[in-house]
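Sequential numbering of the sequence shown, starting at 30, is according to our numbering.
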Amino acid sequence: MKGLEIYKNLEELDNESKYLVHKAKEAAHHAYAPYSKFFVGAALMLNDGTVVTASNQENASYPLCMCAERVALYVAATQHPGKVITKMAIVAHKKNHKELAAATSCGACRQVMLEFEQRQHKPFEVIMHHAPNEWIKSSASTLLPYSFDASNLKD
Ligand SMILES: [Zn+2]
């Protein structure tokens, strides 16, 4: 998809997106986030219907922490090579697990998403909970305009 769509609540999203958000919520419960107490889950839909989920993984050496999005993308590339990612959902919640926290992907994850889109020659939908009453559906290339990519490294 091109551009950005905004939804006022989750119910407005299509069923597959809602399902993926549900899977991302489940994955967030497996986050290892003892330092930030910010539990993030990501879920990918692959073109054969496979769902890949992941959560953020922290470390006492903070720079080694890894976002849920990148864990999910790297798992998909490793465990399901050649399959195309069609959709990705990202959710987060704080310590009490009672309600979702607004969380959009960091720049590093957007950069990695973009290269995955380029690797598979096809964008995928990215669904994020941007604000209490706002879900966004977009793509990596929209979320990271004027980006750096492999074309910058060519002679
Ligand atoms: Zn990130």
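We treat Cβ as the ideally placed atom computed from N, Cα and C, and that holds for glycine.
With distances taken Cα to Cα, identify the nearest neighbour of residue i among the options.
| i | options | result |
| --- | --- | --- |
| Ala121 | Glu45, Glu41, Ser65, Tyr36 | Ser65 |
| Ala97 | Thr133, Pro110, Asp77, Lys112 | Thr133 |
| Arg139 | Leu172, Lys112, Val113 | Leu172 |
| Ala57 | Glu45, Lys37, Glu34, Glu87 | Glu87 |
| Asn85 | Cys135, Lys166, Asn125, His150 | Cys135 |
| Asn76 | Lys54, Glu41, Val113, Asp43 | Val113 |
| Gly111 | Arg148, Pro161, Ser170 | Arg148 |
| Ser176 | Lys166, His150, Ala137, Leu39 | Ala137 |
| Gly78 | Glu128, Arg99, Tyr48, Met142 | Tyr48 |
| Pro152 | Lys52, Ser180, Leu143 | Leu143 |
| Ala118 | Pro161, Ile165, Phe68 | Ile165 |
| Arg99 | Asp178, Asn125, Val69, Ala131 | Val69 |
Assuming residue i contacts residue j (C-beta within less than 8 Å), just tell me the rounded distance between them.
| i | j | result |
| --- | --- | --- |
| Ala106 | Leu73 | Between Leu73 and Ala106 the Cβ distance is about 10 Å, and since that is not below 8 Å, they are no contact. |
| Ala83 | Ala71 | 5 Å |
| Val50 | Ile156 | 6 Å |
| Lys116 | Glu34 | That pair is no contact at about 13 Å. |
| Glu154 | Ser168 | 6 Å |
What residue range is occupied by the uninterrupted alpha helix (DSSP H) comprising residue i?
| i | result |
| --- | --- |
| Leu172 | 169-172 |
| Gly136 | 136-148 |
| Leu49 | 44-57 |
Can you tell me where the beta strand (DSSP E) with residue i in it begins and where it stops?
| i | result |
| --- | --- |
| Leu73 | 68-75 |
| Glu154 | 154-160 |
| Phe116 | The question names Phe, yet the displayed sequence has Lys at residue 116. Unbroken beta strand (DSSP E) run through Lys116: 114-122. |
| Thr82 | 80-84 |
Any idea which residues DSSP pairs residue i with across the strands?
| i | result |
| --- | --- |
| Gln108 | According to DSSP, which records beta bridges pairwise, Gln108 is partnered with nothing at all. |
| Glu34 | Lys166 |
| Ser90 | None; Ser90 has no bridge partner. |
| Leu129 | His122 |
| Tyr61 | Gln86 |
Worksheet item: Whose CB is closer than 7 Å to a heavy atom of ligand 1? List the residues in chain order.
Response: Cys96, Glu98, Arg99, Ser134, Cys135, Ala137, Cys138
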